[in-house]
Structure formats: structure tokens, C-alpha cells
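Numbers 161 to 358, taken from the working numbering, label the letters of the sequence shown in order. Since the structure comes first, as C-alpha cells, the remarks are kept for the end.
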Amino acid sequence: MLFQIVFHAQLGREEGLFTINDVLEEINQKMVRRHPHVFMAPEEISTEKVLTNWDEIKKTEKQTQTISDEMERIPKAFTALMEACKVQSKASKAGFDWEDPLDALEKVAEEEQEVKAEILSECPDKLEEELGDLLFAVVNVVRLAKIQPEIALRKATQKFIMRFKEMEKITLNEQKSMLDYDLDGLEQLWQLVKSLKN
């Protein structure tokens, strides 16, 4: 990483735009500006206050006026799960949030009903929209439970793979393929594997 900084600073110097000293000075100013609780505060302040200050400082730096401006500035490189979580956190700062995960879970149930209705109506565009709403609502529950959605989903995916692998072992021991089973048979295998792993 340091190589990249020095390399770009050299390119900037050759173009007559800036020098490594300019870069270091800006980094120094940014550190002091964004961390007044470290460099300027005479008294201890709470973590919540530090985070509130941090958001206000970044808002000033980026010249964002509204929370929706902040939402629109969330990096597009984020995964959809990360973006949804960040958007919801920003909405929460405006007081637009559920009290707890159980309240948010009611929204999941509501969205589930809307998905069912769209599956029955066979309108793919509307179904995509409603499935997106359902996923967004689930992320809200996860966020309010103070769990990282990316980590939770990754763990669930790995658990699925391990259980699927166990199902395959059982079928191979019986000298069968999973394709030899109907859906009910596969569900029985799945439940067996779940019971063995619990």
C-alpha cells in the first residue's frame, strides 16, 4: 500500500500537481480533523458521541446536506447486503427505524405475503421488486440484532454445503445418486443430516 502512495505521489509531482509532502500534510490534517476526541478533547467522551461527531465531520467534509445524500454516497463497490445495512443505519440516525428485531420481523412477514401474492400473479418484474423488499426487510432484522448480514449469510451457506456433503455421503454409501431420490426422499435425508449435526 505504501508503494502505491509513493508511486502516485511521484506521478503527481512529475505532473506538477502535488508532492509527497502535500499528501502527508493532508493525511495529518484529516486524522486530526476526524479524531478530535484523540487530538483535542480535554475530557473523555462516550463512544456514541465519538460516532456522532465522526458522522458530522464526514458530512461537512463531503458537503452532504441530507441523510439521503449520505445514502447515495455509499460506495457502489459494496455488496447489496452491505449497502442495505448502511442505508438502514443512516435511516436509523433520522429516527426512521424499528425498536427491535422482533418489530422488524413483522415487516418480514408482511413482505413474505406480498411475495406469495406476486408468485401467484406470475408477474416477474413485480416479483423481483417484492423479493428485493423481502431481502431488505430481512437485513433490517439482522442489523437490529447487531449481526453482520454478510457473515451470517456466509455461515449459513457454509452450513448448507456441509449438510449437503453429508447427504451425498449417505447416498454414496447406499451406492446411489441424489438423483435417485424424489424430493420427499431428499427432504428426509436433509432432516436426518440436520438431526445428526445438532
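All C-beta atoms in this analysis are idealised placements derived from N, C-alpha and C, irrespective of residue type, glycine included. Bear in mind the structure is a predicted one, so any value in this text is a computation, not a measurement.
Taking 8 Å as the cut-off, does the region 230-243 touch the region 255-262 (at least 3 CB pairs, one atom from each stretch)? no
Which residue's Cα is closest to the Cα of Ile307: Met242, Glu334 and Glu326? Start at 1 with the first residue of the sequence shown, and residue 307 comes out as number 147. The shortest C-alpha separation from Ile307 is found at Met242.
Simplified DSSP state of Ala254, which is helix, strand or coil: The sequence position of residue 254 within the sequence shown is 94, counting from 1. Note: Ala254 maps to coil in three-state DSSP.
What do you reckon, are the CB atoms on Glu274 and Glu290 nearer than 8 Å? In the sequence shown, counting from the first residue as 1, residue 274 sits at position 114. In the sequence shown, counting from the first residue as 1, residue 290 sits at position 130. In contact: Glu274 and Glu290 (Cβ atoms closer than 8 Å).
Three-state secondary structure (DSSP) at Ile165? Reading the sequence shown from its first residue, position 5 is the one you call residue 165. Note: Ile165 maps to helix in three-state DSSP.
Among Phe178, Arg173, Glu272 and Glu216, which residue has its Cα nearest to the Cα of Arg193? For this step, residue 193 is matched to residue 33 along the sequence shown. Relative to Arg193, the option among Phe178, Arg173, Glu272 and Glu216 whose CA is nearest is Glu216.
Which ranges does the alpha helix (DSSP H) cover as unbroken runs of at least 4 residues, wholly within the region 203-249, from first to last along the chain? As far as the region 203-249 is concerned, its whole alpha helix (DSSP H) runs of at least 4 residues are 207-222 and 227-232.
Ser337 (DSSP reduced to helix, strand or coil): Looking up residue 337 in the sequence shown gives position 177. Taken through DSSP and simplified to helix, strand or coil, Ser337 comes out as coil.
Note down the Cα distance separating Cys283 from Lys250, rounded to an integer number of angstroms. The sequence position of residue 283 within the sequence shown is 123, counting from 1. The sequence position of residue 250 within the sequence shown is 90, counting from 1. The alpha-carbon atoms of Cys283 and Lys250 are separated by roughly 32 Å.
Please report the distance separating the alpha-carbon of Arg314 from that of Val299. Reading the sequence shown from its first residue, position 154 is the one you call residue 314. Reading the sequence shown from its first residue, position 139 is the one you call residue 299. When only Cα atoms are considered, Arg314 and Val299 end up about 14 Å apart.
Where Leu294 falls, given that 16 or more other Cβ within 10 Å makes a residue buried: Walking along the sequence shown from the start, residue 294 turns up at place 134. Buried, by the Cβ-count rule.
Local conformation of His306 per DSSP, three classes: On the sequence shown, position 146 is the one that residue 306 refers to. Checking the displayed sequence, the identity of residue 306 turns out to be Lys instead of His. Coil at Lys306, not helix or strand.
Can you tell which of Met191, Val302, Glu278 and Lys286 has the C-alpha that lies nearest to the C-alpha of Val268? Residue numbering aside, residue 268 sits at position 108 when the sequence shown is read from its first letter. Comparing Cα positions, the closest option is Val302.
With a threshold of 7 Å on Cβ separation, who are the neighbours of Gln248 within its own chain once the five nearest residues in sequence on each side are excluded? Walking along the sequence shown from the start, residue 248 turns up at place 88. Taken in chain order, the residues that qualify are Val299, Asn300 and Arg303.
Candidates Gly176, Glu310, Glu175 and Ala169: which alpha carbon is nearest Val110's? Summary: the structure shown does not reach residue 110, with the chain confined to residues 161 through 358, and so no result is reported for it.
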